[in-house]
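Trainee: Handing you this structure, nothing more for now.
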Amino acid sequence: MPEVRFEAASAYDFFISLIVLHNPADFGLRPSWAAGVRSRLPAAQREFFEHHLPFLGVPLTWLHDLTIPQKTTLAVLSALEQIPPAERLPRLTLIPELRPEVQIALQEIAATGRATPAIRTLLKAELEAKRHPPPAGTLDYWISAWSNPAAFGEEWLFALRTYFNLFFSEEEARLQSLLEDGVQTASRLLNEQPLPQVVETLTRGVSIAEIQQVSQLTLIPSYWSTPFIFFQRLAGQRALLVFGCRPAHLSLAGGGAVPLTLVDTFKALGDPTRLRILRFLAQQPLTPAALAERLRLRAPTVIHHLNALRRAGLVHIRLDADGERRYDLRREGLNETLTALHRFLDSTEEP
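If you want the numbering used here, it's the position in the sequence shown, counting the first as 1, plus 33.
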(Lines of atoms letter the chains of each structure in order from A and count residues from 1; the text may use other names and numbers.)
(Lines give C-alpha, C1' and ligand atoms only; values in the text may rest on other atoms or scores of the structure.)
Protein backbone atom coordinates (compact mmCIF):
# COMPACT_ATOMS: atom_id res chain seq x y z
CA MET A 1 0.00 0.00 0.00
CA PRO A 2 1.50 3.39 -0.96
CA GLU A 3 2.40 6.12 1.49
CA VAL A 4 -0.29 8.81 1.17
CA ARG A 5 0.44 12.51 1.30
CA PHE A 6 -1.86 15.52 0.94
CA GLU A 7 -1.44 18.89 -0.70
CA ALA A 8 -3.85 21.84 -0.76
CA ALA A 9 -2.51 24.38 -3.26
CA SER A 10 -4.52 26.82 -5.34
CA ALA A 11 -1.94 26.91 -8.15
CA TYR A 12 -3.24 23.56 -9.38
CA ASP A 13 -6.68 25.12 -9.84
CA PHE A 14 -5.09 28.07 -11.63
CA PHE A 15 -3.89 25.83 -14.46
CA ILE A 16 -6.90 23.50 -14.32
CA SER A 17 -9.31 26.44 -14.59
CA LEU A 18 -7.80 27.35 -17.96
CA ILE A 19 -8.55 23.86 -19.27
CA VAL A 20 -12.11 24.02 -17.93
CA LEU A 21 -12.81 27.47 -19.40
CA HIS A 22 -11.67 26.31 -22.84
CA ASN A 23 -13.62 23.03 -22.66
CA PRO A 24 -16.76 24.08 -20.76
CA ALA A 25 -19.09 21.45 -22.20
CA ASP A 26 -16.76 18.65 -21.07
CA PHE A 27 -16.96 19.90 -17.47
CA GLY A 28 -20.66 20.75 -17.40
CA LEU A 29 -19.98 24.49 -17.35
CA ARG A 30 -22.25 26.95 -19.16
CA PRO A 31 -20.42 27.81 -22.42
CA SER A 32 -21.73 31.38 -22.38
CA TRP A 33 -20.30 31.97 -18.89
CA ALA A 34 -16.93 30.49 -19.88
CA ALA A 35 -16.87 32.66 -23.01
CA GLY A 36 -17.57 35.69 -20.85
CA VAL A 37 -14.54 34.94 -18.67
CA ARG A 38 -12.32 34.36 -21.71
CA SER A 39 -13.50 37.64 -23.22
CA ARG A 40 -11.84 39.52 -20.35
CA LEU A 41 -8.48 38.65 -21.89
CA PRO A 42 -6.95 40.80 -24.63
CA ALA A 43 -7.20 39.20 -28.08
CA ALA A 44 -3.53 38.15 -28.19
CA GLN A 45 -3.65 36.24 -24.90
CA ARG A 46 -7.07 34.80 -25.71
CA GLU A 47 -5.73 33.40 -28.98
CA PHE A 48 -2.59 32.14 -27.23
CA PHE A 49 -4.58 29.92 -24.90
CA GLU A 50 -6.98 28.77 -27.62
CA HIS A 51 -4.07 27.67 -29.82
CA HIS A 52 -1.70 26.20 -27.25
CA LEU A 53 -3.65 24.75 -24.32
CA PRO A 54 -4.44 21.51 -26.23
CA PHE A 55 -0.78 20.47 -26.03
CA LEU A 56 0.24 22.33 -22.86
CA GLY A 57 -2.31 20.75 -20.52
CA VAL A 58 -1.72 21.09 -16.79
CA PRO A 59 1.94 20.93 -15.63
CA LEU A 60 1.15 18.58 -12.75
CA THR A 61 4.62 17.05 -12.45
CA TRP A 62 6.33 20.43 -12.31
CA LEU A 63 3.82 21.81 -9.80
CA HIS A 64 4.10 18.75 -7.57
CA ASP A 65 7.89 18.82 -7.49
CA LEU A 66 8.22 22.56 -6.82
CA THR A 67 9.98 23.19 -3.51
CA ILE A 68 8.42 26.45 -2.37
CA PRO A 69 6.67 27.10 0.97
CA GLN A 70 3.22 27.81 -0.49
CA LYS A 71 2.02 27.08 -4.00
CA THR A 72 -0.13 30.13 -4.51
CA THR A 73 -0.47 31.28 -8.09
CA LEU A 74 1.81 34.28 -7.62
CA ALA A 75 4.47 32.13 -5.97
CA VAL A 76 4.30 29.59 -8.78
CA LEU A 77 4.45 32.25 -11.50
CA SER A 78 7.46 33.73 -9.74
CA ALA A 79 9.10 30.29 -9.80
CA LEU A 80 8.29 29.99 -13.50
CA GLU A 81 9.87 33.39 -14.13
CA GLN A 82 13.12 32.14 -12.57
CA ILE A 83 13.39 29.49 -15.30
CA PRO A 84 15.14 30.79 -18.45
CA PRO A 85 12.46 31.37 -21.12
CA ALA A 86 13.86 28.75 -23.49
CA GLU A 87 13.67 26.10 -20.74
CA ARG A 88 10.08 26.73 -19.63
CA LEU A 89 8.39 24.64 -22.32
CA PRO A 90 10.61 21.55 -21.88
CA ARG A 91 10.70 21.86 -18.08
CA LEU A 92 6.91 21.91 -17.76
CA THR A 93 5.82 19.57 -20.56
CA LEU A 94 8.48 16.87 -21.01
CA ILE A 95 7.04 14.48 -18.44
CA PRO A 96 7.86 10.78 -17.87
CA GLU A 97 4.57 9.68 -19.44
CA LEU A 98 5.48 11.30 -22.79
CA ARG A 99 7.05 8.67 -25.03
CA PRO A 100 10.87 9.01 -25.38
CA GLU A 101 10.71 9.22 -29.18
CA VAL A 102 8.28 12.15 -28.92
CA GLN A 103 10.54 13.94 -26.45
CA ILE A 104 13.53 13.44 -28.76
CA ALA A 105 11.53 14.78 -31.71
CA LEU A 106 10.50 17.92 -29.82
CA GLN A 107 14.06 18.56 -28.70
CA GLU A 108 15.22 18.19 -32.30
CA ILE A 109 12.72 20.85 -33.36
CA ALA A 110 14.08 23.15 -30.64
CA ALA A 111 17.64 22.56 -31.85
CA THR A 112 16.99 22.97 -35.59
CA GLY A 113 13.98 25.27 -35.65
CA ARG A 114 11.99 22.98 -37.93
CA ALA A 115 10.17 19.65 -38.09
CA THR A 116 11.03 17.01 -40.68
CA PRO A 117 8.19 15.11 -42.39
CA ALA A 118 8.98 12.11 -40.17
CA ILE A 119 8.70 14.24 -37.04
CA ARG A 120 5.40 15.75 -38.23
CA THR A 121 4.03 12.25 -38.78
CA LEU A 122 5.16 11.15 -35.31
CA LEU A 123 3.66 14.18 -33.56
CA LYS A 124 0.44 13.95 -35.56
CA ALA A 125 0.03 10.33 -34.44
CA GLU A 126 0.72 11.37 -30.83
CA LEU A 127 -2.07 13.96 -30.94
CA GLU A 128 -4.51 11.62 -32.66
CA ALA A 129 -3.87 8.95 -30.00
CA LYS A 130 -5.23 11.21 -27.26
CA ARG A 131 -8.57 10.22 -25.80
CA HIS A 132 -9.93 13.62 -26.86
CA PRO A 133 -8.18 14.56 -30.13
CA PRO A 134 -7.34 18.30 -30.19
CA PRO A 135 -8.65 20.84 -32.71
CA ALA A 136 -7.28 21.19 -36.22
CA GLY A 137 -4.16 23.31 -36.32
CA THR A 138 -2.81 22.07 -32.98
CA LEU A 139 0.07 20.22 -34.67
CA ASP A 140 1.33 23.41 -36.33
CA TYR A 141 1.04 25.41 -33.11
CA TRP A 142 2.92 22.67 -31.23
CA ILE A 143 5.74 22.65 -33.76
CA SER A 144 5.86 26.45 -33.85
CA ALA A 145 6.20 26.64 -30.06
CA TRP A 146 9.12 24.22 -30.05
CA SER A 147 10.82 25.88 -33.02
CA ASN A 148 11.37 29.00 -30.89
CA PRO A 149 11.01 27.95 -27.23
CA ALA A 150 12.56 31.15 -25.86
CA ALA A 151 9.96 33.40 -27.50
CA PHE A 152 7.21 30.97 -26.56
CA GLY A 153 8.36 30.89 -22.94
CA GLU A 154 8.10 34.67 -22.69
CA GLU A 155 4.67 34.74 -24.32
CA TRP A 156 3.42 31.90 -22.10
CA LEU A 157 4.38 33.60 -18.84
CA PHE A 158 2.86 36.90 -19.98
CA ALA A 159 -0.41 35.18 -20.90
CA LEU A 160 -0.55 33.39 -17.54
CA ARG A 161 0.05 36.63 -15.63
CA THR A 162 -2.63 38.38 -17.67
CA TYR A 163 -5.17 35.64 -16.92
CA PHE A 164 -4.33 35.77 -13.22
CA ASN A 165 -4.68 39.56 -13.02
CA LEU A 166 -7.92 39.74 -15.00
CA PHE A 167 -9.76 36.78 -13.46
CA PHE A 168 -8.09 34.21 -11.27
CA SER A 169 -6.80 36.58 -8.57
CA GLU A 170 -10.43 37.09 -7.48
CA GLU A 171 -11.22 33.39 -7.74
CA GLU A 172 -8.20 32.26 -5.73
CA ALA A 173 -9.22 34.25 -2.67
CA ARG A 174 -12.19 31.95 -1.99
CA LEU A 175 -10.55 28.64 -2.83
CA GLN A 176 -8.02 27.92 -0.11
CA SER A 177 -10.49 27.10 2.69
CA LEU A 178 -12.42 24.80 0.32
CA LEU A 179 -9.22 23.02 -0.69
CA GLU A 180 -8.27 22.55 2.96
CA ASP A 181 -11.73 21.10 3.58
CA GLY A 182 -11.00 18.66 0.76
CA VAL A 183 -7.79 17.54 2.46
CA GLN A 184 -9.60 17.09 5.78
CA THR A 185 -12.28 14.98 4.10
CA ALA A 186 -9.67 12.78 2.41
CA SER A 187 -7.71 12.39 5.64
CA ARG A 188 -10.82 11.42 7.59
CA LEU A 189 -11.83 8.85 4.98
CA LEU A 190 -8.35 7.36 5.03
CA ASN A 191 -8.74 6.70 8.75
CA GLU A 192 -12.02 4.89 8.12
CA GLN A 193 -11.59 3.03 4.81
CA PRO A 194 -8.93 1.21 2.77
CA LEU A 195 -7.20 3.37 0.16
CA PRO A 196 -8.98 1.93 -2.93
CA GLN A 197 -12.36 2.73 -1.37
CA VAL A 198 -11.16 6.21 -0.36
CA VAL A 199 -10.09 6.92 -3.94
CA GLU A 200 -13.43 5.71 -5.28
CA THR A 201 -15.31 7.91 -2.80
CA LEU A 202 -13.24 11.03 -3.46
CA THR A 203 -13.47 10.62 -7.23
CA ARG A 204 -17.18 9.75 -7.23
CA GLY A 205 -16.72 6.38 -8.82
CA VAL A 206 -13.21 5.96 -10.28
CA SER A 207 -11.11 2.90 -9.50
CA ILE A 208 -7.43 3.13 -10.54
CA ALA A 209 -5.45 -0.12 -10.66
CA GLU A 210 -2.10 1.69 -10.99
CA ILE A 211 -2.39 3.11 -7.49
CA GLN A 212 -1.51 -0.31 -6.11
CA GLN A 213 1.80 -0.17 -8.02
CA VAL A 214 3.20 3.07 -6.56
CA SER A 215 5.11 3.61 -3.34
CA GLN A 216 3.88 7.17 -2.74
CA LEU A 217 0.58 8.84 -3.65
CA THR A 218 -0.18 12.55 -3.24
CA LEU A 219 -3.88 13.43 -2.99
CA ILE A 220 -4.65 16.96 -4.21
CA PRO A 221 -8.14 18.51 -3.93
CA SER A 222 -9.36 20.75 -6.74
CA TYR A 223 -12.42 22.98 -6.86
CA TRP A 224 -12.32 23.49 -10.61
CA SER A 225 -11.80 19.89 -11.75
CA THR A 226 -14.96 18.60 -10.02
CA PRO A 227 -16.22 15.97 -10.75
CA PHE A 228 -13.28 14.83 -12.90
CA ILE A 229 -9.80 13.76 -11.89
CA PHE A 230 -6.20 14.08 -13.04
CA PHE A 231 -3.96 11.08 -12.39
CA GLN A 232 -0.24 11.43 -13.11
CA ARG A 233 2.60 8.94 -12.70
CA LEU A 234 5.79 10.55 -11.42
CA ALA A 235 9.40 9.43 -11.32
CA GLY A 236 10.52 7.05 -8.59
CA GLN A 237 7.33 4.98 -8.25
CA ARG A 238 5.33 8.02 -7.20
CA ALA A 239 1.98 9.32 -8.43
CA LEU A 240 -0.45 12.14 -7.81
CA LEU A 241 -4.23 12.22 -7.95
CA VAL A 242 -6.16 15.47 -8.31
CA PHE A 243 -9.75 14.92 -7.18
CA GLY A 244 -12.76 17.24 -7.20
CA CYS A 245 -13.75 18.82 -3.89
CA ARG A 246 -16.43 21.32 -4.93
CA PRO A 247 -19.52 20.90 -2.70
CA ALA A 248 -22.67 19.86 -4.54
CA HIS A 249 -24.50 23.09 -3.66
CA LEU A 250 -21.80 25.30 -5.23
CA SER A 251 -21.23 26.02 -8.91
CA LEU A 252 -18.36 27.54 -10.85
CA ALA A 253 -20.77 29.94 -12.52
CA GLY A 254 -23.21 30.52 -9.67
CA GLY A 255 -26.83 29.68 -10.39
CA GLY A 256 -28.95 30.88 -7.51
CA ALA A 257 -30.92 28.60 -5.23
CA VAL A 258 -31.38 25.83 -7.81
CA PRO A 259 -28.42 23.40 -7.55
CA LEU A 260 -26.94 23.14 -11.03
CA THR A 261 -25.55 19.68 -10.33
CA LEU A 262 -29.12 18.48 -9.90
CA VAL A 263 -30.14 20.13 -13.17
CA ASP A 264 -27.18 18.54 -14.97
CA THR A 265 -28.08 15.11 -13.58
CA PHE A 266 -31.63 15.29 -14.87
CA LYS A 267 -30.34 16.49 -18.23
CA ALA A 268 -28.08 13.44 -18.32
CA LEU A 269 -31.00 11.16 -17.49
CA GLY A 270 -33.35 12.84 -19.95
CA ASP A 271 -31.83 11.14 -22.99
CA PRO A 272 -32.98 7.75 -24.31
CA THR A 273 -29.48 6.68 -25.39
CA ARG A 274 -28.06 7.40 -21.95
CA LEU A 275 -30.87 5.48 -20.29
CA ARG A 276 -30.05 2.51 -22.53
CA ILE A 277 -26.38 2.84 -21.58
CA LEU A 278 -27.26 2.78 -17.87
CA ARG A 279 -29.39 -0.32 -18.37
CA PHE A 280 -26.53 -2.11 -20.14
CA LEU A 281 -24.12 -1.06 -17.39
CA ALA A 282 -26.53 -2.27 -14.70
CA GLN A 283 -26.07 -5.77 -16.14
CA GLN A 284 -22.26 -5.82 -16.46
CA PRO A 285 -19.20 -3.54 -16.78
CA LEU A 286 -18.49 -2.60 -20.40
CA THR A 287 -15.84 -0.73 -22.38
CA PRO A 288 -16.81 2.18 -24.66
CA ALA A 289 -16.09 -0.05 -27.66
CA ALA A 290 -18.46 -2.74 -26.40
CA LEU A 291 -21.16 -0.16 -25.76
CA ALA A 292 -20.67 1.32 -29.22
CA GLU A 293 -21.20 -2.12 -30.74
CA ARG A 294 -24.37 -2.75 -28.75
CA LEU A 295 -25.79 0.69 -29.47
CA ARG A 296 -24.58 0.75 -33.08
CA LEU A 297 -23.03 4.15 -32.52
CA ARG A 298 -19.59 5.60 -33.18
CA ALA A 299 -17.18 5.39 -30.23
CA PRO A 300 -16.83 9.21 -29.89
CA THR A 301 -20.61 9.50 -29.57
CA VAL A 302 -20.66 6.86 -26.84
CA ILE A 303 -17.80 8.59 -25.00
CA HIS A 304 -19.75 11.87 -25.15
CA HIS A 305 -22.72 10.17 -23.46
CA LEU A 306 -20.47 8.48 -20.89
CA ASN A 307 -18.88 11.82 -20.00
CA ALA A 308 -22.34 13.29 -19.36
CA LEU A 309 -23.19 10.34 -17.10
CA ARG A 310 -19.82 10.66 -15.37
CA ARG A 311 -20.44 14.36 -14.64
CA ALA A 312 -23.75 13.34 -13.09
CA GLY A 313 -22.03 10.75 -10.88
CA LEU A 314 -24.04 7.89 -12.39
CA VAL A 315 -21.23 5.61 -13.60
CA HIS A 316 -18.18 3.93 -12.14
CA ILE A 317 -14.95 3.93 -14.15
CA ARG A 318 -12.42 1.12 -13.75
CA LEU A 319 -8.99 2.17 -15.02
CA ASP A 320 -7.00 -1.01 -15.62
CA ALA A 321 -3.20 -1.04 -15.42
CA ASP A 322 -3.04 -1.34 -19.23
CA GLY A 323 -5.12 1.82 -19.68
CA GLU A 324 -8.39 0.06 -20.53
CA ARG A 325 -11.53 1.81 -19.23
CA ARG A 326 -14.56 -0.15 -18.07
CA TYR A 327 -17.79 1.46 -16.98
CA ASP A 328 -20.59 0.20 -14.79
CA LEU A 329 -23.64 1.68 -13.08
CA ARG A 330 -23.00 3.72 -9.94
CA ARG A 331 -26.21 3.03 -8.03
CA GLU A 332 -25.26 5.29 -5.15
CA GLY A 333 -25.33 8.14 -7.69
CA LEU A 334 -29.04 7.50 -8.20
CA ASN A 335 -29.57 7.62 -4.43
CA GLU A 336 -27.57 10.86 -4.18
CA THR A 337 -29.74 12.40 -6.90
CA LEU A 338 -32.96 11.52 -5.09
CA THR A 339 -31.56 12.84 -1.81
CA ALA A 340 -30.55 16.12 -3.48
CA LEU A 341 -33.98 16.41 -5.09
CA HIS A 342 -35.78 15.88 -1.78
CA ARG A 343 -33.46 18.37 -0.08
CA PHE A 344 -34.25 20.99 -2.72
CA LEU A 345 -38.00 20.39 -2.66
CA ASP A 346 -38.08 20.56 1.14
CA SER A 347 -35.94 23.70 1.28
CA THR A 348 -37.55 26.94 2.44
CA GLU A 349 -35.25 29.09 0.26
CA GLU A 350 -36.82 31.07 -2.56
CA PRO A 351 -35.85 29.42 -5.88
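Note that CB positions come from ideal geometry on N, CA and C, so glycine has one too.
(1) How many Å lie between LEU223 and VAL37 at the Cα?
(2) For the alpha helix (DSSP H) holding VAL216, just list the boundary residues, first then last.
(3) Taking only three categories from DSSP, how would you classify ILE101?
(4) Name the one or two DSSP bridge partners that PRO254 has.
(5) Quick check on HIS23: buried or exposed, where buried means 16 or more other Cβ atoms within 10 Å of its Cβ?
(6) Over what stretch of residues does the alpha helix (DSSP H) that includes PHE263 continue unbroken?
(7) Please report the distance separating the alpha-carbon of GLN209 from that of ALA41.
(8) What residue range is occupied by the uninterrupted alpha helix (DSSP H) comprising PHE48?
(9) Leaving out five residues on either side along the sequence, give the residues of the same chain with a beta carbon under 8 Å from the beta carbon of HIS362.
(10) Spell out the partners DSSP gives HIS349 in its beta bridges.
(11) Under 7 Å Cβ to Cβ from ARG79, same chain only, skipping five residues before and after it: list those, please.
(12) Pick from ILE49, GLU130, LEU199: whose alpha carbon is nearest that of ARG266?
(13) Give me the residue from ILE137, ARG358, LEU295 with the minimum Cα distance to HIS375.
(14) Classify VAL247 as helix, strand or coil using the three-state DSSP reduction.
(15) Helix, strand or coil for GLU36, going by three-state DSSP, please let me know.
(16) Measuring only between beta-carbons, confirm whether VAL335 sits less than 7 Å from chain B.
(17) Kindly indicate the opening and closing residues of the alpha helix (DSSP H) around SER240.
(18) Whose C-alpha, out of ILE244, ASP46, THR370, is nearest the C-alpha of LEU293?
(19) What's the gap between the Cα of THR236 and the Cα of LEU342?
(20) Would you grab the beta carbon distance between ARG359 and LEU319 for me? Rounded to a whole angstrom, and I think it's under 8 Å.
(21) Work out the CA separation of PHE88 and PRO133 for me, nearest whole Å.
(22) Tell me whether LEU400 sits in a helix, a strand or coil according to DSSP, three-state version.
(23) Residues in the same chain with beta-carbon distance under 6 Å from THR126, minus the five sequence neighbours each way, listed in chain order, please.
(24) Among GLN246, LEU107, LEU51, GLU114, which has the Cα closest to the Cα of GLU83?
(25) Where does LEU1 sit, in a helix, a strand or coil, going by DSSP?
(26) Which partner residues does ARG271 have in the DSSP bridge list?
(27) Using 8 Å as the Cβ pair cut-off and three pairs as the minimum, do the stretch 148-158 and the stretch 190-203 touch?
(28) Does the distance from the CB of ILE128 to the CB of TRP179 come in under 7 Å?
(29) Given a cut-off of 7 Å on the beta-carbon distance, is the pair ARG124 and PRO260 in contact?
(30) Three or more C-beta pairs under 8 Å: does that hold for the stretch 201-217 against the stretch 236-251?
(31) If you draw a straight line from the alpha carbon of ASP355 to that of GLY366, how long is it in whole angstroms?
(32) For VAL275 versus SER248, is the C-beta distance shorter than 7 Å?
(33) Going by DSSP, what residue range makes up the alpha helix (DSSP H) through GLU130?
(34) Apart from the five residues on each side of it in sequence, which residues of its chain come closer than 7 Å, Cβ to Cβ, to ASN340?
(35) From GLN246 to TYR256, what does the alpha carbon distance come to, in whole angstroms?
(36) On a CA-only basis, which of PRO64, TRP95, ALA77, PHE39 is nearest PHE48? Give me that one, please.
Mentor: Answer, in terms of the structure:
(1) 9 Å
(2) 209-225
(3) Under the three-state reduction of DSSP output, ILE101 falls in the coil class, being neither helix nor strand.
(4) PHE276
(5) This structure cannot speak to residue 23, because the chain is shown only from 34 to 384.
(6) Element bounds for PHE263: not the alpha helix (DSSP H) but the beta strand (DSSP E), 263-267.
(7) Approximately 7 Å between the Cα atoms of the pair.
(8) Annotation: the continuous alpha helix (DSSP H) that includes PHE48 extends over 43-55.
(9) Contrary to the premise, residue 362 reads as Leu rather than His in this sequence. Counting only Cβ-Cβ distances below 8 Å, and skipping sequence neighbours, we find LEU311, LEU314, ALA315, LEU347, VAL348, HIS349.
(10) ASP361
(11) Within the same chain, ARG79 has close Cβ partners ARG71.
(12) Relative to the Cα of ARG266, the nearest Cα in the group ILE49, GLU130, LEU199 belongs to GLU130.
(13) The candidate whose alpha carbon is nearest that of HIS375 is LEU295.
(14) coil
(15) strand
(16) In the structure shown, chain B cannot be found, because there is only a single protein chain.
(17) Unbroken run through SER240 is the beta strand (DSSP E), 239-241; no alpha helix (DSSP H).
(18) THR370
(19) 14 Å
(20) Contact between ARG359 and LEU319 is confirmed by a C-beta separation of about 7 Å, below the 8 Å threshold.
(21) 16 Å
(22) Summary: the structure shown does not reach residue 400, with the chain confined to residues 34 through 384, and so no result is reported for it.
(23) none
(24) LEU51
(25) Summary: the structure shown does not reach residue 1, with the chain confined to residues 34 through 384, and so no result is reported for it.
(26) GLN249, LEU267
(27) no
(28) no
(29) No.
(30) Fewer than three Cβ pairs drawn from the stretch 201-217 and the stretch 236-251 lie within less than 8 Å of each other, which leaves the two stretches out of contact.
(31) 27 Å
(32) no
(33) From DSSP, GLU130 is part of no alpha helix (DSSP H); its letter is neither H nor E.
(34) ASP59
(35) 27 Å
(36) PHE48 has its Cα closest to that of TRP95, out of PRO64, TRP95, ALA77, PHE39.
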